[in-house]
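First the structure, in the form of structure tokens, and then the observations on it.
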Amino acid sequence: MGENTKIKRIAVDCRMLQKSGIGTYLKNILIYWLQLSNYQWILIGKRDIIQEELDIDKTNCQIIEYDAPIFSIKELLCFPTKAVNDCDIFFSPNFNIPLGINIPVYFTIHDVVFLDYKDFSGTIGRFIRYISLKRAIKKVKKIFTVSQFTKERIKKHYKTNKEIIVAYNGINVDLLKFDRKKHSCKYDFKYLLYIGNIKRHKGLDILLDALVELDKKLIIVGDVKGLKTADKKNYKKMSSNKNIILSGRIKSNEHLYSIISNSEALIQPSRYEGFGIPPLEALYLDTPVILSDIDVFKEIYANLPVTFFKNCDCTDLKSKIQNIQKQSIDKQSLIDKYNYKTTAKQIIDNF
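594 is the number that my numbering gives the last residue of the sequence shown; the numbers go up by one with no jumps.
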């Protein structure tokens, strides 16, 4: 802030605070932001959720109760813009920017999979997202993103001269506090682990093909709702294999971390990611990690003790699973490189 002693009022869209990926990102940067006494924070979202997730200091925080789905007509037209425009800055952890905001806008783009991967959504859905992001980029002062890979993809799709700043994701503060001695895993057998949804870009089909001839148990953590109708081929593979356990979405971070720490290896066979946080968590918990050799994984994890397999090659993945090796890691160096305190500072220093 330099010599300017004026307290800046920053409005933050907190409606996605309990959404798994973006919610974790937002919560972790807010934990550090709310410690800064030279800012006034205007948090927009459901009061009970904000108070549940964050340690609120009433002297520098104000909550504006608001709840509307993102990318909805209600959000676009009925956002509390009057209160927002009384602030100095508006920050959103996503690119859904309501109409009528007349102050400097900043937001984070986590990936553009909806443009890069045609199977992600239908033509209409892809067009709506493209137009929404195009409008948001025109409105924004600076853009934040979570990897150099995503930055380059944004630049490919949108010929913009707006500054795009890479601020990496970090290790969740909940993980830094996790004590595995206090949280035992409910699974008492050896297993491999996959974390993610069932969309094709996540590469679950590659992992299922690799396991056909291996007598290995696999726990799938993530939302598989609609799998039976959306992906009949994979559903058949999974339902006919007694070694595959569907845990569904894990609500408790402690429960998730106990499952990760107890697994033989975390396998992320993704065809596409914007960053990929689960491998970071597995490394911190001393769990072996096997990753597809896609560009973003090589950017984030190339200098860390992980095993790469050829993207989309189930035979190579099978070979890597048969030769899992546990490697040690310097946790402090991992924390130094990937932490949300640095992310939060990098963002606010660019306001």
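Yeah, the Cβ is synthetic: ideal placement off N, Cα and C, and Gly gets one too. Keep in mind it's a predicted model, so treat the numbers as computed, not measured.
Minimum C-alpha distance to V595 - residue among E308, S501, I371, S490: In the structure as shown, the chain starts at 244 and stops at 594, and residue 595 therefore has no counterpart that could be examined.
With H, G and I counted as helix, E and B as strand and the rest as coil, what does DSSP make of M244? Locating residue 244 in the sequence shown gives position 1, where the first residue counts as 1. Only weak support is given to the placement of M244: the predicted model assigns it a pLDDT of 46, under 50, and the value that follows is read from those uncertain coordinates. The answer is coil: DSSP assigns M244 none of H, G, I, E or B.
Could you tell me which residues DSSP puts in a beta bridge with Q575? On the sequence shown, position 332 is the one that residue 575 refers to. Beta-bridge pairing links Q575 to no other residue.
By DSSP's criteria, F333 is part of a beta bridge. Which residues make up the other side? Here residue 333 refers to the residue found at position 90 of the sequence shown. Beta-bridge pairing links F333 to A254, V348.
Can you tell me the Cα-Cα spacing of D556 and A508, whole angstroms? By one-based count along the sequence shown, residue 556 stands at place 313. By one-based count along the sequence shown, residue 508 stands at place 265. Near 18 Å, if we compare the C-alpha coordinates of A508 and D556.
Where Q568 falls: helix, strand or coil (DSSP): Counted from its first residue, the sequence shown places residue 568 at position 325. Looking at Q568 - three-state DSSP - the assignment turns out to be coil, as it is neither helix nor strand.
Answer yes if the segment 411-419 comes into contact with the segment 514-526, meaning at least three C-beta pairs across the two stretches below 8 Å, and no otherwise. yes
What are the start and end residues of each continuous beta strand (DSSP E) run of 3 or more residues lying completely inside the segment 473-529, in chain order? 487-491, 508-511
At the level of alpha carbons, what is the spacing between V467 and G491? To locate residue 467, count along the sequence shown from 1; it is residue 224. To locate residue 491, count along the sequence shown from 1; it is residue 248. Cα to Cα, V467 sits roughly 7 Å from G491.
Inter-residue Cα distance where the pair is I462 and I533: Counting from 1 along the sequence shown, the entry for residue 462 is found at position 219. Counting from 1 along the sequence shown, the entry for residue 533 is found at position 290. Taking the straight line from one Cα to the other gives about 15 Å.
Consult DSSP for T366 and reduce its assignment to one of helix, strand or coil. Position 123 of the sequence shown holds residue 366. Reduced to three states, the DSSP call for T366 is helix.
Under the three-state reduction of DSSP, which class applies to I438: helix, strand or coil? Position 195 of the sequence shown, counted from the start, is the residue given in the question as residue 438. I438 falls in the strand class under three-state DSSP.
Report the rounded CA-to-CA distance for D573 versus K398, giving the unit in angstroms. As a first step, residue 573 is located in the sequence shown; it is residue number 330 there, counting from the start. As a first step, residue 398 is located in the sequence shown; it is residue number 155 there, counting from the start. When rounded, the distance between both Cα atoms is 34 Å.
Do you know offhand how far E406's Cα is from K384's? Position 163 of the sequence shown holds residue 406. Position 141 of the sequence shown holds residue 384. Straight-line Cα distance between these residues: approximately 8 Å.
Just how far apart, CA to CA, sit H400 and G368? Here residue 400 is taken as the residue at index 157 of the sequence shown, counted from 1. Here residue 368 is taken as the residue at index 125 of the sequence shown, counted from 1. H400 and G368: Cα-Cα distance of roughly 16 Å.
Here's a check: name, in chain order, each residue in its chain whose Cβ is nearer than 6 Å to the Cβ of L436, leaving out the five neighbours to either side. Here residue 436 is taken as the residue at index 193 of the sequence shown, counted from 1. For L436, where only same-chain residues beyond five positions count, the Cβ hits under 6 Å are I462, S506, L509.
Could you check whether I340 and A311 sit closer than 8 Å to each other, using their CB atoms as the reference points? Position 68 of the sequence shown, counted from the first residue, corresponds to residue 311. Position 97 of the sequence shown, counted from the first residue, corresponds to residue 340. The answer is no: Cβ separation not under 8 Å.
If you reduce the DSSP assignment to three classes, tell me which class E318 lands in. Residue mapping note: residue 318 aligns to position 75 of the sequence shown, counting from 1. Reduced to three states, the DSSP call for E318 is helix.
Near K445, what residues of its chain come up, given a Cβ to Cβ distance below 6 Å and the 5 sequence neighbours on each side ignored? Position 202 of the sequence shown, counted from the start, is the residue given in the question as residue 445. Taken in chain order, the residues that qualify are G439, S513.
What separation, rounded to the nearest whole angstrom, lies between the Cα atoms of W284 and K249? Numbered from 1 along the sequence shown, position 41 holds the residue referred to as residue 284. Numbered from 1 along the sequence shown, position 6 holds the residue referred to as residue 249. Using only the alpha carbons, I get a separation of about 14 Å.
Where V455 falls: helix, strand or coil (DSSP): Indexing the sequence shown from 1 puts residue 455 at position 212. Correct three-state label for V455: coil.
Minimum C-alpha distance to A410 - residue among V389, E395, C428: Residue 410 sits at position 167 when you count from the first residue of the sequence shown. When each option's Cα is compared against that of A410, the closest is V389.
Proximity winner among L419, F363, D354, relative to F387 (alpha-carbon distances): Residue numbering aside, residue 387 sits at position 144 when the sequence shown is read from its first letter. F387 has its Cα closest to that of D354, out of L419, F363, D354.
According to DSSP, what are the bridge partners of G288? Counted from its first residue, the sequence shown places residue 288 at position 45. Per DSSP, E308.
Option in K580, S504, V549 with minimal Cα separation from L528: By 1-based counting over the sequence shown, the position of residue 528 is 285. The shortest Cα separation from L528 among K580, S504, V549 belongs to S504.
Using the DSSP secondary-structure output, state which residues sit across from N582 in a beta bridge. Mapped onto the sequence shown, residue 582 falls at position 339. N582 is bridged to I414.
Can you tell me whether N546 is buried or exposed? The criterion is at least 16 other CB atoms within 10 Å of its CB, across all chains shown. If you number the sequence shown from 1, residue 546 lands on position 303. The residue in question, N546, is exposed, as its Cβ has fewer than 16 Cβ neighbours within 10 Å.
Hey, I253 and D331 are a contact pair by Cβ (cut 8 Å); roughly how many whole angstroms apart? Taking the first residue of the sequence shown as 1, we reach residue 253 at position 10. Taking the first residue of the sequence shown as 1, we reach residue 331 at position 88. I253 to D331, Cβ: 7 Å. Contact.
Quick one: Cα of L577 to Cα of I487, how far? The residue labelled residue 577 in the question sits at position 334 within the sequence shown. The residue labelled residue 487 in the question sits at position 244 within the sequence shown. Straight-line Cα distance between these residues: approximately 31 Å.
Given K476 as reference, the closest of E497, H498, L451, I493 once Cα atoms are compared: Position 233 of the sequence shown, counted from the first residue, corresponds to residue 476. Residue L451 is the option with its Cα nearest to K476.
Cross-strand partners of Y282 (DSSP beta bridge): On the sequence shown, residue 282 is found 39 positions in, with the first residue counted as 1. Y282 pairs with K251.
Residue range of the alpha helix (DSSP H) that includes L358: Here residue 358 corresponds to residue number 115 of the sequence shown, with the count starting at 1. First-last of the alpha helix (DSSP H) with L358: 356-359.
Beta-carbon proximity check, E318 vs L260, cutoff 8 Å: Along the sequence shown, read from residue 1 onward, the residue named residue 318 stands at position 75. Along the sequence shown, read from residue 1 onward, the residue named residue 260 stands at position 17. Not closer than 8 Å, so no.
Would you say L279 and C257 are within 8 Å of each other, going by their C-beta atoms? In the sequence shown, residue 279 corresponds to position 36, counting from 1. In the sequence shown, residue 257 corresponds to position 14, counting from 1. Cβ atoms of L279 and C257: not closer than 8 Å.
Is it buried or exposed for V255, if we count other Cβ within 10 angstroms and need 16 for buried? Working through the sequence shown from its first residue, we reach residue 255 at position 12. Its Cβ being crowded by 16 or more others within 10 Å, V255 is buried.
Beta-carbon proximity list for K584, same chain, < 6 Å, skipping 5 on both sides: Position 341 of the sequence shown holds residue 584. The answer, listed in chain order, is Y275.
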